[in-house]
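Taken in order, these protein sequences are the chains called Y and L. Per UniProt numbering: the first sequence = residues 1 to 363. Per UniProt numbering: the second sequence = residues 1 to 363. A virtual CB, placed ideally from N, CA and C, is assigned to each residue, including glycine.
Number of protein chains: 2
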Amino acid sequence: MRNRFPSSRPAGQRATISDVAAAAGVSKATVSKFLGGNKNYYIASETRERIAKAIEDLQFAPNAIAQGLSNRRTDTIGVIVASITNPFYPELIAGVEEALGGSEYTLLLGSTDEQPAKEAALVRSMLQRRVDGLIMAAVTMDDAEVSRLVDTDVDVVLASRGLDTTLADTVVIDNLTGARQAVEHLLGHGHRRIAHLAGPADVVPFRYRIEGYREAMADAGLDGDERLVASGNPAEAMTALLTLPDPPTAVFVANDRMAIEVLEFCAGRGIEVPQELAVVGFDNVWVGRLSGVGLTSVDSKARAVGRKAAEVLAGRIRARHADTVQLPAPPERTVLQPELVIRRSCGCVAGEKDDDAPDRSFF
Amino acid sequence: MRNRFPSSRPAGQRATISDVAAAAGVSKATVSKFLGGNKNYYIASETRERIAKAIEDLQFAPNAIAQGLSNRRTDTIGVIVASITNPFYPELIAGVEEALGGSEYTLLLGSTDEQPAKEAALVRSMLQRRVDGLIMAAVTMDDAEVSRLVDTDVDVVLASRGLDTTLADTVVIDNLTGARQAVEHLLGHGHRRIAHLAGPADVVPFRYRIEGYREAMADAGLDGDERLVASGNPAEAMTALLTLPDPPTAVFVANDRMAIEVLEFCAGRGIEVPQELAVVGFDNVWVGRLSGVGLTSVDSKARAVGRKAAEVLAGRIRARHADTVQLPAPPERTVLQPELVIRRSCGCVAGEKDDDAPDRSFF
DNA sequence: CTGAAAGCGCTAACAA
DNA sequence: TTGTTAGCGCTTTCAG
Numbered sequence: 001m002r003n004r005f006p007s008s009r010p011a012g013q014r015a016t017i018s019d020v021a022a023a024a025g026v027s028k029a030t031v032s033k034f035l036g037g038n039k040n041y042y043i044a045s046e047t048r049e050r051i052a053k054a055i056e057d058l059q060f061a062p063n064a065i066a067q068g069l070s071n072r073r074t075d076t077i078g079v080i081v082a083s084i085t086n087p088f089y090p091e092l093i094a095g096v097e098e099a100l101g102g103s104e105y106t107l108l109l110g111s112t113d114e115q116p117a118k119e120a121a122l123v124r125s126m127l128q129r130r131v132d133g134l135i136m137a138a139v140t141m142d143d144a145e146v147s148r149l150v151d152t153d154v155d156v157v158l159a160s161r162g163l164d165t166t167l168a169d170t171v172v173i174d175n176l177t178g179a180r181q182a183v184e185h186l187l188g189h190g191h192r193r194i195a196h197l198a199g200p201a202d203v204v205p206f207r208y209r210i211e212g213y214r215e216a217m218a219d220a221g222l223d224g225d226e227r228l229v230a231s232g233n234p235a236e237a238m239t240a241l242l243t244l245p246d247p248p249t250a251v252f253v254a255n256d257r258m259a260i261e262v263l264e265f266c267a268g269r270g271i272e273v274p275q276e277l278a279v280v281g282f283d284n285v286w287v288g289r290l291s292g293v294g295l296t297s298v299d300s301k302a303r304a305v306g307r308k309a310a311e312v313l314a315g316r317i318r319a320r321h322a323d324t325v326q327l328p329a330p331p332e333r334t335v336l337q338p339e340l341v342i343r344r345s346c347g348c349v350a351g352e353k354d355d356d357a358p359d360r361s362f363f
Numbered sequence: 001m002r003n004r005f006p007s008s009r010p011a012g013q014r015a016t017i018s019d020v021a022a023a024a025g026v027s028k029a030t031v032s033k034f035l036g037g038n039k040n041y042y043i044a045s046e047t048r049e050r051i052a053k054a055i056e057d058l059q060f061a062p063n064a065i066a067q068g069l070s071n072r073r074t075d076t077i078g079v080i081v082a083s084i085t086n087p088f089y090p091e092l093i094a095g096v097e098e099a100l101g102g103s104e105y106t107l108l109l110g111s112t113d114e115q116p117a118k119e120a121a122l123v124r125s126m127l128q129r130r131v132d133g134l135i136m137a138a139v140t141m142d143d144a145e146v147s148r149l150v151d152t153d154v155d156v157v158l159a160s161r162g163l164d165t166t167l168a169d170t171v172v173i174d175n176l177t178g179a180r181q182a183v184e185h186l187l188g189h190g191h192r193r194i195a196h197l198a199g200p201a202d203v204v205p206f207r208y209r210i211e212g213y214r215e216a217m218a219d220a221g222l223d224g225d226e227r228l229v230a231s232g233n234p235a236e237a238m239t240a241l242l243t244l245p246d247p248p249t250a251v252f253v254a255n256d257r258m259a260i261e262v263l264e265f266c267a268g269r270g271i272e273v274p275q276e277l278a279v280v281g282f283d284n285v286w287v288g289r290l291s292g293v294g295l296t297s298v299d300s301k302a303r304a305v306g307r308k309a310a311e312v313l314a315g316r317i318r319a320r321h322a323d324t325v326q327l328p329a330p331p332e333r334t335v336l337q338p339e340l341v342i343r344r345s346c347g348c349v350a351g352e353k354d355d356d357a358p359d360r361s362f363f
């Protein structure tokens, strides 16, 4: 195997710009200009060739760390999600990657496992690593913390879990409307006792989903029974709900993760879904599409949210690095519309309205 | 809100070690020693306090990029997976994070979408970013490419997709045995016409799964019918298989992603699983556990593989950075044993042997 | 115990 | 068109 490092440095050590300069008989500056590509530096085509050859010979690739230090930008963006194993987030990440497609950005990833301490540590770590921007798809921080974050020199966009804040760019879906749609659909099926299995109240979207539930119930003149709002471990919550004197005939669950557990709970107890209990989830994770699952759910557009978040962030970064110095534009808030996807678990006839592309593969 | 940057630099600019040094009335070198923590530098406790105060006042956090340049290590490890939306990989990533738990490592993530070109680009990008190590859970490279990669100064471990190579540390499961178990189980159910839906042949594990299938069939004196080995789009492949003159009564599918599509295909065609067609998958992705799915599958231990890969890698990095210079140990190959997890789709009675912890949440 | 100085690999004025 | 020089922010000898 021929030695790929003909320079004087020991094997396994990568060539530097100085090696290239020496090999090409030019200065580092010239090589650097050659690398810069974009800026219209003038450099003799003959020199250009010599440099290209040296680079090729030495298998040189610029050290991005050194470039980062000098350029004050790393072409890296951080993505912090709540739970990498919840299929909602890989989908969101895929959206981010999609949007960043051709660009030179690389993703620094972190999963908080829903732990605020881990979230804080990840933010710190990414800031120290000088990411150019940060997409937060896990936010348990309060406004003060967000504002401190926004005060730094990295651009931040809050995705999906976004707070109410107007401090930072935000990409969310309309959780309130989504929740209303779900509950209204259940009302349309004739249900009157509709429960809500809520998510942790320290996560903003869950608060809106509760509110949407309450509004829809109130509009139907069915509000007031707080016993119908449960939370915590799905199995336990369902047990409590179903042993109520006047148990619910339907439940709107705050996300699909929990909704699937409700389905499993019912399967385990021999409770027929949707006959004995109708179930509607939230997120429309791909699993719900499986014919053996058939979960009706509000699509929270994970991929689109990720894509949009990345676009907004890229725009910010571009603006920041633009030559023309100007005040940053005020935070931008994008609200995507969710969409109720109807399947079996709500009581609709199978296939009635399920318009999923049947040939699309699952993952 | 009080200004968090009392130094002279403009808001939004982070304090540097020089700012701290100035504020504490010491030199950068001393501050750096203070930061180093571990090495037993002697520094007066009074100075120590002044520095600590300055750091606190200035909200100083060292620039990891600059540290990286100086230290020649970034405390970052790259993870390249084949497809972030295939639940197998988030699980593997979770294993990596688990193992890296307390340490200061951060993950640089990339998903290749099974495209060799993207894989190459990601490797390049991560190398340029000077990751300390690389976990490749997507390898379509050949030995030559791997060897070139191993020749660099980053430690590489091949996880799950590992080649046959002995050039790099590898953590895999015993795919051949796993496949044999699957097929033997089907044989035990009395099946004689067992098909195999194979994965892309350029991915090593899939080749072993085919081989395991062939061996098991041969051992049962059932080899020879190559028409039973299909590949490509699951729906099309199944259609072809089922229109054979002597169609299979069971199919061993190379991974759960495809197995699930087979299940959907059957549901769509009204083909009863397992009565008309028994199905066994590979990976034991959590989805298969759902009561509405019940997919019998060979567990490929994604989490354990991720964990082990991270441990091996961390060990390598530690060794490389150790003061005592020594020849690197030869590549280490870890082979984890897969495990057949039995559910409905193979023909076993539901619940018969499904020993999943029933209360474990899904994701 | 502390500091001066050199250097990690690259970029960006500014000269030449 | 090319080279010189001075950093980017931190670490690490090596002298005090």
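Helix, strand or coil, according to DSSP, for residue i in the structure here?
i, result
"residue 375 (chain Y)", "Any answer about residue 375 (chain Y) is impossible in this case: the structure gives chain Y only from 1 up to 363."
"I173 (chain L)", "strand"
"H189 (chain Y)", "coil"
"R333 (chain L)", "strand"
"F363 (chain L)", "coil"
"V341 (chain L)", "strand"
"S125 (chain L)", "helix"
"L313 (chain Y)", "helix"
"A168 (chain Y)", "coil"
"M136 (chain Y)", "strand"
"F88 (chain L)", "helix"
"F60 (chain Y)", "coil"
Rounded to a whole number of angstroms, what is the C-alpha to C-alpha distance between residue i and residue j?
i, j, result
"I17 (chain Y)", "S70 (chain Y)", "14 angstroms"
"residue 395 (chain Y)", "Q59 (chain Y)", "Lying before the first or after the last residue shown, residue 395 (chain Y) is absent from chain Y, which here runs from 1 to 363."
"A240 (chain L)", "V171 (chain Y)", "45 angstroms"
"G199 (chain L)", "K308 (chain L)", "25 angstroms"
"S103 (chain L)", "A138 (chain L)", "24 angstroms"
"D174 (chain Y)", "G101 (chain Y)", "27 angstroms"
"I84 (chain Y)", "A44 (chain Y)", "50 angstroms"
"R344 (chain L)", "V349 (chain Y)", "25 angstroms"
"A314 (chain Y)", "A322 (chain Y)", "12 angstroms"
"R227 (chain L)", "I342 (chain Y)", "40 angstroms"
"L92 (chain L)", "I93 (chain Y)", "16 angstroms"
"P338 (chain Y)", "V81 (chain Y)", "20 angstroms"
"A25 (chain Y)", "V146 (chain Y)", "Checking the displayed sequence, the identity of residue 25 (chain Y) turns out to be Gly instead of Ala. Near 51 angstroms, if we compare the C-alpha coordinates of V146 (chain Y) and G25 (chain Y)."
Taking the CB atoms as reference points, tell me whether residue i and residue j lie closer together than 8 angstroms.
i, j, result
"R193 (chain L)", "P247 (chain L)", "yes"
"R148 (chain Y)", "D153 (chain L)", "no"
"H189 (chain Y)", "A278 (chain Y)", "yes"
"R130 (chain L)", "A64 (chain Y)", "yes"
"A99 (chain L)", "A254 (chain L)", "no"
"G133 (chain L)", "L122 (chain L)", "no"
"H185 (chain L)", "V280 (chain L)", "yes"
"I135 (chain L)", "V79 (chain L)", "yes"
"G212 (chain Y)", "G178 (chain Y)", "yes"
"V312 (chain L)", "D169 (chain L)", "yes"
"A61 (chain L)", "V20 (chain L)", "no"
message: Quick check: the segment 50-60 of chain L against the segment 109-125 of chain Y, are at least 3 beta-carbon pairs closer than 8 angstroms?
response: Below 8 angstroms, too few C-beta pairs join the segment 109-125 of chain Y and the segment 50-60 of chain L to call them touching: fewer than three.
message: Within 8 angstroms, do at least three Cβ pairs link the segment 260-280 of chain L to the segment 208-228 of chain L?
response: Touching, no.
message: Against chain L, which members of the segment 150-165 of chain Y pass a CB distance test of less than 7 angstroms?
response: Those residues of the segment 150-165 of chain Y that come within reach of chain L (Cβ to Cβ, closer than 7 angstroms) are D151, T152, D153.
field: Meets three-Cβ-pair contact criterion under 8 angstroms: the segment 283-290 of chain L and the segment 280-296 of chain Y
entry: With the cut-off at 8 angstroms, the segment 283-290 of chain L and the segment 280-296 of chain Y touch.
field: Three or more C-beta pairs below 8 angstroms linking the segment 150-168 of chain Y and the segment 203-214 of chain Y
entry: Yes, they touch.
message: So, does the segment 322-336 of chain L touch the segment 230-247 of chain Y, judging by three or more C-beta pairs under 8 angstroms?
response: Three or more Cβ pairs closer than 8 angstroms define a contact, and the segment 322-336 of chain L falls short of that threshold against the segment 230-247 of chain Y.
- request: May I ask you to verify whether the segment 310-326 of chain L touches the segment 291-309 of chain Y, counting CB pairs closer than 8 angstroms and requiring at least 3?
  value: In the pairwise beta carbon analysis, the segment 310-326 of chain L is classified as not touching the segment 291-309 of chain Y: fewer than three pairs are separated by under 8 angstroms.
- prompt: Between the UniProt domain "HTH lacI-type" (15-71) of chain Y and chain L, which residues of the former have CB atoms less than 8 angstroms from a CB of the latter, in chain order?
  reply: With the criterion set as a beta carbon lying under 8 angstroms from some beta carbon of chain L, the members of the UniProt domain "HTH lacI-type" (15-71) of chain Y are A61, P62, N63, A64, I65, A66, G68, L69, in sequence order.
- prompt: Between the segment 270-293 of chain Y and chain L, which residues of the former have CB atoms less than 7 angstroms from a CB of the latter, in chain order?
  reply: Within the segment 270-293 of chain Y, the residues whose Cβ lies closer than 7 angstroms to some Cβ of chain L are V287, L290, S291, G292, V293, listed in chain order.
field: Chain-ordered residues of the segment 114-147 of chain Y with a beta carbon less than 9 angstroms from chain L
entry: Taking 9 angstroms as the Cβ-Cβ cut-off against chain L, the residues of the segment 114-147 of chain Y that qualify are L122, R124, S125, M126, L127, Q128, R129, R130, A144, S147.
- request: Taking a Cβ distance cut-off of 7 angstroms, strictly less, list which residues of the segment 236-256 of chain L are near chain Y, in chain order.
  value: Answer set for the segment 236-256 of chain L: empty.
- request: Can you give me, in chain order, the residues of the segment 96-111 of chain L that have a beta carbon less than 8 angstroms from any beta carbon in chain Y?
  value: Residues passing the 8 angstroms Cβ filter: E97, E104, T106, L107, L108, L109, G110, S111.
query: Which residues, in order along the segment 205-234 of chain Y, keep a beta-carbon less than 7 angstroms from a beta-carbon of chain L?
result: Of all residues in the segment 205-234 of chain Y, none has a Cβ within less than 7 angstroms of some Cβ in chain L.
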